[in-house]
Structure formats: C-alpha cells, structure tokens
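Undergrad: Before we start, here is the structure in question, set down as structure tokens.
Protein chains: 2
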Amino acid sequence: MRKVTFGVANSLDNYIARKDHGVDWILWGEEAASGMTAFWQKIDTVVMGRKTYEPTLKSGRPWPSYPGVKNYVFSRRLRESPHKNVQIISEGAAEFIRKLKREKGKGILVMGGGELAKSLFEANLIDEIGLSIQPVLLGSGIPLFLPTERQVDLELLECKTFKNGCVLVTYRVKH
Amino acid sequence: MRKVTFGVANSLDNYIARKDHGVDWILWGEEAASGMTAFWQKIDTVVMGRKTYEPTLKSGRPWPSYPGVKNYVFSRRLRESPHKNVQIISEGAAEFIRKLKREKGKGILVMGGGELAKSLFEANLIDEIGLSIQPVLLGSGIPLFLPTERQVDLELLECKTFKNGCVLVTYRVKH
Numbered sequence: 023m024r025k026v027t028f029g030v031a032n033s034l035d036n037y038i039a040r041k042d043h044g045v046d047w048i049l050w051g052e053e054a055a056s057g058m059t060a061f062w063q064k065i066d067t068v069v070m071g072r073k074t075y076e077p078t079l080k081s082g083r084p085w086p087s088y089p090g091v092k093n094y095v096f097s098r099r100l101r102e103s104p105h106k107n108v109q110i111i112s113e114g115a116a117e118f119i120r121k122l123k124r125e126k127g128k129g130i131l132v133m134g135g136g137e138l139a140k141s142l143f144e145a146n147l148i149d150e151i152g153l154s155i156q157p158v159l160l161g162s163g164i165p166l167f168l169p170t171e172r173q174v175d176l177e178l179l180e181c182k183t184f185k186n187g188c189v190l191v192t193y194r195v196k197h
Numbered sequence: 023m024r025k026v027t028f029g030v031a032n033s034l035d036n037y038i039a040r041k042d043h044g045v046d047w048i049l050w051g052e053e054a055a056s057g058m059t060a061f062w063q064k065i066d067t068v069v070m071g072r073k074t075y076e077p078t079l080k081s082g083r084p085w086p087s088y089p090g091v092k093n094y095v096f097s098r099r100l101r102e103s104p105h106k107n108v109q110i111i112s113e114g115a116a117e118f119i120r121k122l123k124r125e126k127g128k129g130i131l132v133m134g135g136g137e138l139a140k141s142l143f144e145a146n147l148i149d150e151i152g153l154s155i156q157p158v159l160l161g162s163g164i165p166l167f168l169p170t171e172r173q174v175d176l177e178l179l180e181c182k183t184f185k186n187g188c189v190l191v192t193y194r195v196k197h
C-alpha cells in the first residue's frame, strides 16, 4: 500500500494561509529547499482540494510541475483544469484515495487545507503528517485542522530545526 | 523587567484540554518532570484565568503548591479563593501583569487558556512561549490560541524532543 502524507507549512497557531490566502509569512531557504527535494523523490502523486487549488487557478500562473508527478484536484464544481498537469476528480476524495493507495506507485502527498484533510483523517487514510511549523502567530487565517469527532494518536518519527526558526515534525498515524 | 512566559502542553491541533477539561492525553515522564524542575527554578509567580483555575477549585483538591511561588487568578466573579496559596485578582490582567513585570522577582508563568493569553499577547506583555506539543490530534477541545487581530513574530530559542514523542519548543516574542 502506498503511503499517504499530509504535508503543509503552518503557523504556530495552526493556520496555513491568511484569510486572503496569503502565504507571504512562510519562510523559505536552502534547508527547506533541500528537505523538499529529498521528499519529492518519494512522491509521485499530489492531491488537493478545490480551495487550495483555486488561488493558483485565479492567479493565471502555470501549475508548478514536478517531473513524473500526477496532480489531482477534488471538486464537484470545476469541470476541467486549464493546467495540463492537473486532473479534476469529481468523485469523493476518500473513495478515490482508497483506490490510489492500492495501485502501484510512490507516495501520495495531500496538500493544503483543513476540509480535505479532515475527510481523509476521518476515513483513516492518512499515514503520515509532516508539518513545517513557522515561527509566527498569525492570529487569523485558514485553519490547518478543522474540528472533528475522531482522536488521532501519533508517533513522532522525526523533528528537525532550521536556522530560520522553522521546526519540521514528522508523525506516523497510529491506525 | 521580569520575563513573562506563556507555557502549556498542547495537542498538535492546538487544544489544551478536552471539552470536559480532561487532560488525560497529556504524556508525562521523567524527561518532562526534570525539564519542569529546571523551569520552576526560574519562576516565582504563576498567573491564570478563572477558567483554568475553576476545574481544580470544583474538584475540591488542594492547589498544588510550589515553595516560594505566588499564584494569582484573574476573575471578576470569584471573591476569595479557598486555597491559601491562591490570590484572586479582580483588576484587568494586562494592567496587573504590567505592574508585576516592573517589580523585583523571578519569571512569571502564564498558565492555560486562550482568553488570558490573548489579552496578554494583545497588550504585548508575553516575552516567551513554551509549548510541549503532544503527539495527538484531539479533534476538539479548549483551544490554545484564540483568533486575534495581531500577528506575533517569534524567534525559535530551543527545540527538544522527548522519548515519549513530545516536542518542547521555546520561542522569544519579537516585541
């Protein structure tokens, strides 16, 4: 079974973007970049919700394309993506991911938002969580975790700190 | 000026207690205990809000008393505390802490909840944040950080991991 990782950069007060979707507060740097390069080698599929995808769509920018990586966006509203590397999926996210996990391939990365992550946590489909905790309290914004009925127990796999103050934590979900 | 530290154990999804105030999910251990012993030597004052204090009050248990440590609870509703080591403060928390900071003494620890912390962050009175991030997503509960207008930039001072999976992060607030 392929591993599903929920990965995102978040503020210490658990926002993933400002209310206007701004991510200007996310710190980059050589350490983050080299960490991401290693991570992308273990991934061949990225999935995300419409609300994570739409800000890029609206900006008119091309979708960042990683060689050999498939991108799926879950939406019942969107029909077709103008980005040739992005496929729109209208069926339920949990169902789709359950099938993907059984197929052959590398890891699957769940990007962005609370709503998709919530449905996948509730369906017990997330295997790992990777957070890049940024040294800031944003005060408000788009939440990382939405309230849910289910408690998820975790095992800390790794914790790294970067010179710019980011803390990278990786957890295994105890299924 | 005395240093004011906001210190608490939180779930990865930023709750400090279950809805019923349960903290059964917080992991203890030798490492946490020895870390706390070192921390208590730098502290001589603990402040908290009524909502953090009341669960102990209702339980009828004596208030945990650390030698030489003064305890203040902010409340306009409570009159007198049955715990002889706890003093009720009816004036505004920010005002009171501002005065305390100017007095001679060791560090001041702000315990518990979102509401008191929010008012002190807004008044720019918190100097350090110490979180013991527990390896669990609770799903719901009493939030650590409440929404606020003010962005708070932080500098990572320390990050330690414990064998039980807790991650201890300490930040300096950039005033």
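Protein sequences appear in the order of chains A and B.
Residue numbering for the first sequence follows the numbering used here, starting at 23 and increasing by one per position.
Residue numbering for the second sequence follows the numbering used here, starting at 23 and increasing by one per position.
For glycine and all other residues, C-beta sits at the position ideal for the given N, C-alpha and C.
What beta strand (DSSP E) runs, 3 residues minimum, are completely inside the stretch 71 to 145 of chain B?
TA: 92 to 96, 108 to 111, 129 to 133
Undergrad: Nearest-angstrom Cα distance between Pro169/B and Glu53/B?
TA: Locating residue 169/B in the second sequence gives position 147, counting from the first residue. Locating residue 53/B in the second sequence gives position 31, counting from the first residue. Roughly 32 Å between the two C-alpha positions.
Undergrad: Listed in chain order, which residues of the stretch 30 to 57 of chain B have Cβ atoms closer than 7 Å to some Cβ of chain E?
TA: Absent here is chain E; the protein component of the structure consists of chains A and B.
Undergrad: Using the C-alpha atoms, what's the distance from Val195/B back to Ile17/A?
TA: Residue 17/A is absent from the structure shown; chain A starts at 23 and stops at 197.
Undergrad: In chain A, what lies closer than 8 Å to Val189/B by C-beta?
TA: The count along the second sequence starts at 1 and reaches residue 189/B at position 167. Here the neighbours are Leu178, Cys181, Val189, Val191.
Undergrad: Does DSSP classify Thr183/B as helix, strand or coil?
TA: Position 161 of the second sequence, counted from the first residue, corresponds to residue 183/B. Looking at Thr183/B - three-state DSSP - the assignment turns out to be strand.
Undergrad: What are the start and end residues of the beta strand (DSSP E) that includes Phe28/B?
TA: Locating residue 28/B in the second sequence gives position 6, counting from the first residue. Element bounds for Phe28/B: 26 to 33.
Undergrad: Report yes or no: do three or more beta-carbon pairs, one from the stretch 104 to 111 of chain A and one from the stretch 176 to 196 of chain A, lie closer than 8 Å?
TA: Short answer: they don't touch.
Undergrad: Out of Glu113/A, Thr27/A, Asp35/A, Gly51/A, point me to the one whose CA is closest to Ser162/A's CA.
TA: By 1-based counting over the first sequence, the position of residue 162/A is 140. That would be Asp35/A, whose Cα lies nearest to the Cα of Ser162/A.
Undergrad: Please classify Tyr20/B as buried or exposed, where buried requires at least 16 other C-beta atoms within 10 Å of its C-beta.
TA: No statement about residue 20/B is possible, as the shown extent of chain B runs from 23 to 197 and does not include it.
Undergrad: Can you tell me which residues form a DSSP beta bridge with Leu160/B?
TA: Locating residue 160/B in the second sequence gives position 138, where the first residue counts as 1. DSSP output for Leu160/B lists no bridge partner at all.
Undergrad: Does the CB of Ile151/B have a neighbour CB from chain A at under 9 Å?
TA: For the purposes of this step, residue 151/B is taken as residue 129 along the second sequence, with counting starting at 1. Yes, its Cβ sits closer than 9 Å to a Cβ of chain A.
Undergrad: Can you check whether the C-beta of Ile164/B is within less than 9 Å of a C-beta belonging to chain A?
TA: On the second sequence, position 142 is the one that residue 164/B refers to. Not an interface residue.
Undergrad: Tell me whether Gly57/A sits in a helix, a strand or coil according to DSSP, three-state version.
TA: Taking the first residue of the first sequence as position 1, residue 57/A is located at position 35. Note: Gly57/A maps to helix in three-state DSSP.
Undergrad: Just the C-alpha distance for Gly51/B and Ile155/B, rounded to the nearest angstrom, thanks.
TA: Looking up residue 51/B in the second sequence gives position 29. Looking up residue 155/B in the second sequence gives position 133. C-alpha separation (whole angstroms): 14 Å.
Undergrad: I want to verify the contact list: residues of chain B whose CB lies under 7 Å from the CB of Leu160/A, in sequence order.
TA: On the first sequence, residue 160/A is found 138 positions in, with the first residue counted as 1. Simply Gln173.
Undergrad: Just to confirm before moving on: does the CB-CB distance between Asp66/B and Gly135/B stay below 9 Å?
TA: Sequence index remark: in the second sequence, residue 66/B carries index 44 (1-based). Sequence index remark: in the second sequence, residue 135/B carries index 113 (1-based). No, these two residues do not count as a Cβ contact at 9 Å.
Undergrad: In three-state DSSP terms, what is Glu171/B?
TA: Position 149 of the second sequence, counted from the first residue, corresponds to residue 171/B. If DSSP states are grouped into helix, strand and coil, Glu171/B belongs with coil.
Undergrad: Identify which residue in Ile148/B, Thr78/B, Ser87/B has its Cα closest to the Cα of Trp62/B.
TA: On the second sequence, position 40 is the one that residue 62/B refers to. Ranking the options by Cα distance to Trp62/B, first place goes to Ser87/B.
Undergrad: For a contact meaning CB atoms closer than 7 Å, what does Phe167/A contact in chain B?
TA: On the first sequence, residue 167/A is found 145 positions in, with the first residue counted as 1. Those are Asp35, Leu159, listed as they occur along chain B.
Undergrad: Are the stretch 111 to 122 of chain A and the stretch 135 to 145 of chain B touching by the rule of at least three beta carbon pairs closer than 8 Å?
TA: no
Undergrad: Using the beta-carbon count (16 or more within 10 Å), is Gly29/A buried or exposed?
TA: Within the first sequence, residue 29/A is the residue found at index 7, counting from 1. Label assigned to Gly29/A: buried.
Undergrad: Among the residues of its own chain, which have a CB less than 8 Å from the CB of Phe167/A, if the five just before and after it don't count?
TA: Start at 1 with the first residue of the first sequence, and residue 167/A comes out as number 145. Result list for Phe167/A: Asn36, Gly136, Ala139, Lys140, in chain order.
Undergrad: With a threshold of 16 other CB atoms inside 10 Å of the CB of Gly114/A, please say whether the residue is buried or exposed.
TA: Locating residue 114/A in the first sequence gives position 92, where the first residue counts as 1. Classification for Gly114/A: exposed.
Undergrad: Please list, in chain order, all residues of the same chain as Pro84/B whose beta carbon is under 8 Å from its beta carbon, the five residues on each side excluded.
TA: Reading the second sequence from its first residue, position 62 is the one you call residue 84/B. His105, listed in sequence order.
Undergrad: Taking only beta-carbon positions, decide if Thr170/A is within less than 9 Å of chain B.
TA: Start at 1 with the first residue of the first sequence, and residue 170/A comes out as number 148. Chain B, which has a Cβ nearer than 9 Å to the Cβ of Thr170/A, makes this yes.
Undergrad: What is the rounded straight-line gap between the Cα of Gly44/A and the Cα of Ser81/B?
TA: Your numbering for residue 44/A matches position 22 in the first sequence. Your numbering for residue 81/B matches position 59 in the second sequence. Between the alpha carbons of Gly44/A and Ser81/B lies a distance of about 45 Å.
Undergrad: So, for Tyr94/B: in the same chain, excluding its five sequence neighbours on each side, which residues have a beta-carbon less than 6 Å away from its beta-carbon?
TA: For the purposes of this step, residue 94/B is taken as the residue at position 72 of the second sequence. Within the same chain, Tyr94/B has close Cβ partners Val69, Gln109, Ile111.
Undergrad: Output the distance between the C-alpha atoms of Tyr75/B and Arg40/B, rounded to the nearest integer angstrom.
TA: Reading the second sequence from its first residue, position 53 is the one you call residue 75/B. Reading the second sequence from its first residue, position 18 is the one you call residue 40/B. Distance between the alpha carbons of Tyr75/B and Arg40/B is about 15 Å.
Undergrad: Which partner residues does Val69/A have in the DSSP bridge list?
TA: Here the question's residue 69/A lines up with position 47 in the first sequence. DSSP, once it has assigned bridges, lists Tyr94/A, Val132/A as partnering Val69/A.
Undergrad: Looking at the strands, I want to know which residues DSSP matches up with Ile48/A.
TA: Position 26 of the first sequence, counting from 1, holds the residue named residue 48/A. Answer is none; Ile48/A lacks a bridge partner.
Undergrad: Hey, could you find the ends of the beta strand (DSSP E) Ile38/A is sitting in?
TA: Counting from one through the first sequence, the residue named residue 38/A turns up at place 16. Run containing Ile38/A: 37 to 39, per the beta strand (DSSP E) assignment.
Undergrad: So, for Gly129/A: in the same chain, excluding its five sequence neighbours on each side, which residues have a beta-carbon less than 8 Å away from its beta-carbon?
TA: Position 107 of the first sequence, counted from the first residue, corresponds to residue 129/A. Arg24, Lys25, Val26, Thr27, Lys64, Ile65, Asp66, Thr67, listed in sequence order.
Undergrad: What does the alpha-carbon distance come out to for the pair Trp47/B and Cys188/B?
TA: Within the second sequence, the letter at position 25 stands for residue 47/B. Within the second sequence, the letter at position 166 stands for residue 188/B. Distance between Trp47/B and Cys188/B, taken at the CA atoms: about 12 Å.
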